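Just so we're on the same page, our numbering is the position in the sequence shown counted from 1, plus 10.
From the three backbone atoms N, C-alpha and C, an ideal C-beta is built for every residue, glycine too.
None of the values given here were measured: they were computed from a predicted structure.
Here is the structure we will look at.
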Amino acid sequence: MGQEKRVILIGGHGSVGRHILEEIAGKFDHVRIDVAGRSAHKARGLPDGVGKVRLDFHDSAAAVETLAGYDFAILTMGPFEEFKSLPHKLCIEAGIDCLDVNDSLNAAYDIFSLDSLAKKKGVNVLTGMGLNPGLSTFMLHSLFKNMPRGRKCIKNWLFGGAKEDNGVASVMTMLSYLGPEVNEIWKGAHRMVKANDDEESSWHRLPLFASASKFVHCPSVEAWMLERSGEIDIGEIEWCDYRVHFQGLPMWIVRAYRKYAVLRSFRNIQRLGKAMAFFHEKNKRFMEGLPYSVYGIECSCEGRDYMAYVTGYTVGRLTALLPVVFAELYVNDKLSLSAGIHGLEGDFFDRTLLEDSINSKIDIVYKW
């Protein structure tokens, strides 16, 4: 057995962090896991053997000193729009590898700007390893392997059930999507476009559903990361957008956030996020809706349709899947990395090993 490895899960109090803990706590004899947050007392009901640590990113000296005692950090705190690249910079300065589930475009810009520093310090940073980007990127690559060259139209859909567990960070992330513009791939390039929730394509019937639902036009870090990597020829993509249905979210809130910039300030998003999360937790048992989510990708190419979808899991569990896979590979010394900032669209890992690990944990349905 190898030397003990120490893993710190930052943001382990939330829904994503809890799912990660369920999967990896107590599974490895040679791994020590601690949960960290600004308020250590919030870490209640932890599995046996899991410790709790207070960590405040705004006290950078103390944070670096704490992080230096670990080998690997999993960053699931949110929203990433608030922290941007600060947690990653502190990990790099502490000399420890880290992984995040970032889904903020502004944060992604900041994180990748640390590439030179990470290489200089010999640190590996895995970013965008949640649901979108992350699992969705894996599904898209799998579809591309079975598609011919030619013009492609791609739609990403996420249906979030009303009865799922949603913490404050999850609601704040949802609200932060609702700006007047979104980014996507359009006519072969990454672009900012006007958000459009009213067009016909906003209505869609997902697999296993009897009727169509209204979806909200959302930004996608994946679109920028695909362009950045060059691994997929986005010149062939006519469009690739991302739309989300938040079951129970009134469209008047969506329209208000699109229109009024004052609502999109961090303080106001935080206030409404706390109120909505509190209301949801108190009333979800009375709501009509699903206790799980559906993520689907639909592609058309050269007159044929291709699809990939996954269902039966909450958004939190789907977001936790890749962090669990990479954590297991890391602690078992099966992940060979070069220093720097990496996204899933890169070629820095053994794809066959990754595919085997993902497919052993989740059932993704492909149709072509």
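Contact check for SER223 and TYR252: beta-carbon distance about 15 Å, past the 8 Å limit, so the pair fails to qualify. Here DSSP, grouped into helix, strand and coil, assigns THR329 to helix.
Look at GLY55 here: in three-state DSSP terms it is coil, with no helix or strand label.
Assignment of GLY105 by DSSP, reduced to helix, strand and coil, places it in the coil class. Per the DSSP secondary-structure output, ALA83 pairs in a beta bridge with ILE18, CYS108.
Going by beta carbons, ASN193 and TRP234 fall inside the 8 Å limit. For the pair ILE263 and CYS311, the Cα-to-Cα distance works out to about 36 Å. Spatial neighbours of VAL135 in its own chain (CB-CB distance under 6 Å, excluding positions within 5 residues in sequence) are listed in chain order as HIS98, CYS108, ALA128, ILE351. Of all alpha-carbon atoms in LEU216, ALA318, GLY313, the one lying nearest the alpha-carbon of PRO158 is that of GLY313. Two segments are said to touch when three or more pairs of C-beta atoms, one from each, lie closer than 8 Å; by this definition the segment 145-155 does not touch the segment 189-207. For GLU308, the pairing in a beta bridge is given by DSSP as LYS165, MET317. Going by DSSP, TYR376 is part of the beta strand (DSSP E) stretching over 375-377. In the structure shown, TYR119 falls within a helical segment according to DSSP collapsed to helix, strand and coil.
With fewer than 16 neighbouring CB atoms inside 10 Å of its own CB, VAL375 falls in the exposed class. Within the same chain, Cβ atoms closer than 7 Å to the Cβ of LEU185 are found at TYR267, ILE279, LEU282, GLY283, the five residues on either side in sequence being excluded. Rounded to the nearest whole angstrom, the CA to CA distance from LEU65 to VAL74 is 9 Å. Around the beta-carbon of LEU218, fewer than 16 other beta-carbon atoms lie within 10 Å, marking it exposed. Secondary structure in the segment 119-153: the beta strand (DSSP E) runs of 3 residues or longer, each lying completely within the stretch, are 134-136 in chain order. Beta-bridge partners assigned by DSSP to LYS62: VAL45. Here MET139 is buried: its Cβ has 16 or more other Cβ atoms, across all protein chains shown, within 10 Å. A direct Cα-Cα distance of roughly 14 Å separates ASP125 from LEU347. The beta-carbon separation of ALA83 and ILE18, rounded to 5 Å, stays under the 8 Å limit for a contact. Listed as beta-bridge partners of TYR252 by DSSP are ASN166, CYS228. C-alpha of LYS15 to C-alpha of ARG265: approximately 48 Å in a straight line. With 16 or more neighbouring CB atoms inside 10 Å of its own CB, LYS162 falls in the buried class.
DSSP places LYS269 within a helical segment (H, G or I) once states are collapsed to three. HIS68 sits in coil when the DSSP states are folded into three classes, being neither helix nor strand. Shortest Cα-Cα distance from LEU345 to any of LEU150, PRO260, VAL181, SER367 involves SER367. 8 Å or more divides the Cβ of TYR270 from the Cβ of SER146. Assignment of SER239 by DSSP, reduced to helix, strand and coil, places it in the helix class. With respect to the C-alpha of ASN293, the residue from ASN176, LYS204, SER239, ARG215 having the closest C-alpha is ASN176. Between the segment 20-30 and the segment 327-344 there are three or more inter-stretch CB-CB distances shorter than 8 Å, so the stretches are counted as touching. Distance between LEU96 and PRO89, taken at the CA atoms: about 12 Å.
The residue among LEU56, THR86, GLU103, GLY144 with its C-alpha nearest the C-alpha of LEU77 is GLU103. In the three-state reduction of the DSSP assignment, HIS40 falls in the coil class, being assigned neither a helical nor a strand state.
In this structure, DSSP gives GLY322 an extended state, which the three-state scheme calls strand.
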